[in-house]
Amino acid sequence: MPYEPPPYLAELTLAEIADLVAQRKLPPVEGWAPQQSGDSAMRIAAEGTWYHEGSPIRREAMVRAFAGLLKRDDSGQHWL
5 MPYEPPPYLA
15 ELTLAEIADL
25 VAQRKLPPVE
35 GWAPQQSGDS
45 AMRIAAEGTW
55 YHEGSPIRRE
65 AMVRAFAGLL
75 KRDDSGQHWL
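Structure below.
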């Protein structure tokens, strides 16, 4: 399910949008270094649909939560 931005975003400046993003107070994933890791069986399709174990994740709030935790390291590897 691709993200559909609210219509009012078209009326905002880039600075106003950046301020709204900053207010979201995302978790500090850049400092996370879990001791254990594994394959989450998740993937994101090119058009934006998130999948878990081959099935689309239909809850938009869950997709947004995962998107807020997604991290890419210096080698290009993605972590969730």
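Residues in the sequence shown are numbered from 5 upward in steps of one, following this note's numbering. No residue lacks a Cβ here, since even glycine has one placed at the ideal position from N, Cα and C.
Mapping the DSSP letters down to three states, classify Thr68 as helix, strand or coil. Residue identity differs from the one stated: residue 68 is Arg in this sequence, not Thr. Looking at Arg68 - three-state DSSP - the assignment turns out to be helix.
Please identify the residue among Ile48, Gly58 and Ser79 whose C-alpha is closest to the C-alpha of Arg68. Ile48
I'd like to know whether the C-beta atoms of Ala65 and Glu57 end up nearer to each other than 8 Å. No, the pair does not count as a contact, with Cβ atoms beyond the cut-off.
According to DSSP, is Ile48 part of a helix, a strand, or is it coil? Ile48: strand per DSSP, three-state reduction.
Decide if Trp54 is buried, meaning its Cβ has at least 16 other Cβ atoms within 10 Å, or exposed. buried
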